[in-house]
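The structure under discussion appears below in the form of structure tokens.
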Amino acid sequence: MPAPRSFGMKTTVKNPVKVLARILKYVGKYYGFGFLIVLAMIIVGVYCNIRGTLFLQTLIDDNIIPLLGQENPDFGPLIHNMINMIVIYGIGVASTFVREYLMIYITQGTLKRIRDDMFQHMEKLPIGYFDRNARGDIMSMYTNDVDTLRQLISQSIPMLINAVFAIVMTLVSMFVLDIWLTLVTLGMVAVVLFASKKIAGGSGKYFVKQQEAIGKLDAYVEETMTGQKVVKVFCHEEKAKQEFKELNEHLYESSYKANFLANLMGPVNAELGHLSYVLCAIIGGILAVTGVSGLTLGGLASFLAFNKSFSMPVFQISLQMNSIVMAIAGADRILRLLDEPVEEDGGHIDLIRVRKDGDRLTEVSERTGHWAWKNEKAAGGAALTELKGDVKFEDVDFGYIKEKQVLYDINLFAKPGQKIAFVGSTGAGKTTITNLINRFYDIWDGSIKYDGINISDIKKGELRRSLGMVLQETSLFTGTVRENIRYGRLNATDEEVLEAAKLANADYFIRRLPDGYDTVLTGNGASLSQGQRQLLSIARAAVANPPVLILDEATSSIDTRTEHIVQEGMDNLMKGRTTFVIAHRLSTVRNADCIMVLEGGHIIERGTHEELMEYKGKYYQLYTGGKTE
Amino acid sequence: MILKTLASHLGEYKRDSILTPIFMIGEVVVEMAIPMLIATLIDDGVNVGDMHHIVKTGILMAVMALIGLAAGFCGAKFGASAAAGLAKNLREAMFNNIQTFSFSNIDKFSTPSLVTRLTTDAMNVQTAYHMILRMFTRAPFQLIVAMVMAFMINARLASVYLIAVIALSLFMTIVIKRASVYFMQAFPKYDELNESIQENVSGIRVVKTYVREEHEIGKFNTASKLIYDIFIKAEKAVVMAPPVMNAAVYTCILVISWLGAHMIVYDELTTGELMSLLTYCMNILASLMMIAGAIVMITMSSASAKRICEVLDEKSDLSNPDKPVLELKDGSIEFENVMFSYHKTSEEPVLRNINLKIDSGETIGIVGGTGSAKTSLINMISRLYDVSEGVVKVGGLDVRKYDLDTLRNNVAVVLQKNELFSGTVLDNLRWGDENATLEDCKRACRLACADEFIEKMPDGYDTRIEQGGKNVSGGQKQRLCIARALLKHPKILILDDSTSAVDTATDAKIRNAFKNEIPDVTKIIIAQRISSVMHADRIIVMNEGSVIGFDTHEKLLETNEIYREVYESQTSGSGDFDEVGGDD
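In order, the protein sequence lines correspond to chains U and Y.
Note that the numbering used here has the first sequence beginning at 1, numbered continuously upward.
Note that the numbering used here has the second sequence beginning at 630, numbered continuously upward.
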């Protein structure tokens, strides 16, 4: 039973600057040089733009006005100026190209690396992480959050840097042209920023509300659609419509307001920009006409052009604010996944192939059918212990979370080849016990020994290799049937796969699939029935051929005939192996070597079927159905 | 076709949809007029040192800016409202249409696909419509106005823009065409990658059991490299767009400046006019880029629009009769030569020539293997599907003559795949009868053996059920669903394998309660376990869509081989240990 799940993943980012810095560092680690070039290109681009604006000043003042009224105007200086500009503009275009081109590699490369890192890290996380977090939340990191990150890296960051440089450089140029007009412009910028902040804040608030409203609507629709047939059977349609209408109205309200305010940003910025322009034109006009501050006509024209190009980056920054905030929240979630501690191993004992000559074990590399645990750290040199499948629990206590103990004082042992069955109601702790044998979770207290070795000393990978598992919830992977069976042992030959399928009773149905063993399965084998999926996972365990098996019998959604086939497959698989089975069927239980009856995390009864029937306790009640509460 | 369907759902937001472009145009007019004012401000004001003119034009500009602000405000408001409104209406129309769906309509769409249509797709259409109303009126209009203005100032110089626009349009078309090929390849691959992540997240226990972490990481790295390569290709296809755009702007500026300078010198142009022309340069080329961007966005959302229309256009294949009967006489059921297929084109019918007669108040069991069409049979009774041939009568009357609500309120079905909804236990029970008192609910729960565990819950009948009923066990859920159905006070009660997770003893107790407390109700029980139906008055044995036996338990044991086989296999100790007795 999974531990309680965390409720959603919505938390506010505590330190946005740190998150942004870490992302930049991440980019810099692999693409530092490229990113520096991009930075340089941005500066070059901004510089070229500014030069363009200045060009207009010299164009009118130096190249046009002096020629006015001349008989034979000399276009020489103009030509000279134009050639200059062609070169500068050429550099500008080239810098844009280089920037865009490099950004493709930086963005896509970083995304690839971050995806790979996330996945690699995720694979190494303990099972607890997956039990704690909803699948949808984990998936959303790979889709939504990586996507916002793409926006951040490819658009927001370059635009932000561009805007900052543009503002600084424009500001410097404006100061050079005229201080007073610059101050007027800055004053107007303050007004623009203030208004933008107000509007963006309101819009952001409503965007959050919109996301909440979508979430609520989504949950409602999902629930209703899943139960749509129930809705019909109970003639509940009108009520559902009404409830939906209400949620829909909320969504409209917040979506409308969020978009309205976001729309408003443009006109407010533009028109305030115009007012700033008018102010500068009038004040500049007075200055130029009166000639107080040495401002020329061309200078005023340039300044007005600067004034216009100044409002552009300010507008861009205010536009990017929302998406930057969103991207940082996404990046924060990604970083937290990457910071999640990986599964700890701590084991040092290996599983190796051995040849058995009498009692003597010798390490070999070829397949012999015999395995042994190799303890390199044993006193007196490497010690070999034959793998037999002897499992022993001693006073095991366990809980998924500190506050809630699930298993109390579990003592049990399984001799090689024995079958141990667990019986009990949902939540009694059956699955939990099996979670401990393969160290999906580590125990609190007590010990679990495998062939006399404490399992915490065995390397996790090696331990799990020696344990087969067939779970109630089957997981198949996209690929052929053959590949899915071979998942148990990657170097299994086609013959071995076939053998395993036959053992599992799966051969019959596989041969009837469109392409037999080469039929491609997708979406967790959606084209197969539950029973067929179960058979495949039995075959998968069979091909792995482990000495110890953990089975979670599934019968609830299988009809009697298929159930019979699955059962036979399971029985075949269990032969000669130590098996822990979570039993749902009486027949499985009856021939078990030992039956554990669990209740509330305690083993309350144990023994063979006959013994327990004699005892007339809980098991007897369960078996005879004599208990009714 | 799609556009027409979508447009018909504008409803009360039609006004806003018309007003938005008008205000957008207003905003553009102001924006275009300002460069003209700037020209006269510089030419007739600054050049000649006419302070009066500067101030006059300045004030005019300020007034224009305020008008622009007002237009922008209205455009923003109406645009947001129209787009959000359209999405709202589409969602509501979809949801309402889904509520009219029959079972066979529901089977067609999967739940996740419906959820996506109602949320993501509706949002995409909203964004696209928003874009159409604002950008798509604004940008072309701006382009045209700026062009006209430029031509009015100086036709010869303005023709430079015309050439640039044509050249850029051609270029953009090629880029979009080329890139879209790559992006179309990239998106499915991207989905595949995400699917494989999903597989790993849900199958993590298998991955870890077989120690396949490295194997999966290797697989993933290969897949993500593939994505990387495709996206690099796709992005490279568009990489030329920004530099070309820049080049076009710069070229225009240089050419205009060069030619303009000559014209000024020869007195054919003023400096102010040159400045205005240069301002229009940005306007014209930027609007072209906006148009290109909008086209891409709209193309991308057309798939969403299509998916929405699929739901809107889906017509329910069950309808109420013209003069529906609103009263159900009794709980008798009759099948006359009933044939049924889920699809009209199927070769083999699911139900074959069914003839049954069930009296009011009888208890009927149905057994048969998976795929023997037990569920299909009972689906005919409450008209969840319509028969292909023959007649199903309830209370002596063809089910197609009844008002659907009347029929379904009198025929309560506890579905195999049943659902509870988030809300309290009472809320869920009252699905059966909105006005049921607490006492009514308790009585129904007692009948369904649900009272005990409910009373043990922290808040009793006010305990919240989580979405999908996650916080109750399978057996508890089934009992709640039975209680909910009982509250409808039906004349016919159908349980479709509804006690599979309830232990044998409780199962028997529920059956007894039915027998004693609601003797007049016709009870139909589908079960896997023979023990659940053997005490019924009569038992229907089904095999591959046909009724192969309809008699009492004892008679069937004698005469029906399949029935006997199943009975024997189940009594020889291969019963079910699931959820035994202890789910509370």
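We put the beta carbon where it would ideally sit given N, CA and C, even for glycine.
Just so you know, these numbers come straight off a predicted model, no measurement behind them.
- Listed along the chain, the chain U residues whose CB falls inside 8 Å of the CB of residue 714 of chain Y are 252 and 256.
- For residue 775 of chain Y, the enclosing alpha helix (DSSP H) starts and ends at 751-782.
- If you draw a straight line from the Cα of residue 832 of chain Y to the Cα of residue 461 of chain U, it is about 17 Å long.
- Taking a Cβ-Cβ cut-off of 8 Å, residue 447 of chain U has no neighbours in chain Y, whose nearest Cβ is about 22 Å from it.
- Taking 8 Å as the upper bound for CB-CB distance, residue 521 of chain U and residue 529 of chain U are not in contact here, some 13 Å apart.
- The C-beta distance from residue 38 of chain U to residue 118 of chain U rounds to 24 Å, too long to meet the 8 Å contact threshold.
- CA-to-CA, the gap between residue 919 of chain Y and residue 236 of chain U works out to about 47 Å.
- Here DSSP, grouped into helix, strand and coil, assigns residue 421 of chain U to strand.
- Y:963 is the residue among Y:802, Y:963, Y:688 and Y:1056 whose C-alpha sits nearest the C-alpha of residue 1019 of chain Y.
- A direct Cα-to-Cα measurement between residue 614 of chain U and residue 998 of chain Y gives close to 35 Å.
- Excluding five sequence positions before and after residue 319 of chain U, none of the CB atoms of its chain fall closer than 6 Å to its own CB.
- Residue environment analysis places residue 596 of chain U among the buried positions, since at least 16 neighbouring C-beta atoms fall within 10 angstroms of its C-beta.
- Judged by DSSP in its simplified three-state form, residue 1009 of chain Y adopts coil rather than helix or strand.
- When only Cα atoms are considered, residue 776 of chain Y and residue 801 of chain Y end up about 19 Å apart.
- Note on geometry: alpha-carbon atoms of residue 914 of chain Y and residue 238 of chain U lie some 52 Å from one another.
- In terms of Cβ geometry, residue 1131 of chain Y and residue 1174 of chain Y do not form a close pair [threshold 8 Å].
- When C-alpha distances from residue 581 of chain U are compared across U:192, U:95 and U:418, the shortest belongs to U:418.
- Here residue 1024 of chain Y carries a coil assignment [DSSP, helix/strand/coil].
- Chain order gives the chain U residues near residue 725 of chain Y as 241, where near means a beta carbon separation below 7 Å.
- Taking 8 Å as the CB threshold, residue 831 of chain Y lines the interface with chain U.
- Residue 1115 of chain Y and residue 1077 of chain Y do touch by the CB rule: their CB atoms are close to 6 Å apart, below 8 Å.
- For residue 645 of chain Y, the uninterrupted alpha helix (DSSP H) segment begins and ends at 643-669.
- Residue pairing by DSSP places residue 1167 of chain Y opposite Y:993 in a beta bridge.
- The closest CA to that of residue 111 of chain U, considering only U:153, U:83, U:340 and U:312, is found on U:153.
- The beta-bridge partner set that DSSP reports for residue 969 of chain Y consists of Y:980.
- Ranked by Cα distance from residue 1004 of chain Y, the first of Y:666, Y:1154, Y:701 and Y:1189 is Y:1154.
- Three or more beta-carbon pairs drawn from the region 532-542 of chain U and the region 467-483 of chain U are found closer than 8 Å, and the two stretches are therefore classed as touching.
- For residue 609 of chain U, the enclosing alpha helix (DSSP H) stretches over residues 609-615.
- The continuous beta strand (DSSP E) containing residue 385 of chain U extends over residues 383-386.
- Within the region 122-144 of chain U, contact with chain Y at the beta-carbon level (separation under 7 Å) is assigned to 123, 124, 127, 130, 135, 138, 139, 142 and 143.
- In this structure, residue 774 of chain Y keeps its C-beta atom at 8 Å or more from the C-beta atom of residue 690 of chain Y.
- By the neighbour-count definition (other C-beta atoms within 10 Å, threshold 16), residue 444 of chain U is an exposed residue.
- Residue 1036 of chain Y places its beta carbon less than 8 Å from that of residue 1023 of chain Y.
- Counting only runs of 4+ residues, the alpha helix (DSSP H) found wholly inside the region 891-963 of chain Y occupies 900-942, in chain order.
- Comparing alpha-carbon positions, the option among U:415, U:229 and U:409 lying closest to residue 1012 of chain Y turns out to be U:229.
- Counting along the chain, the unbroken beta strand (DSSP E) around residue 372 of chain U starts and ends at 371-375.
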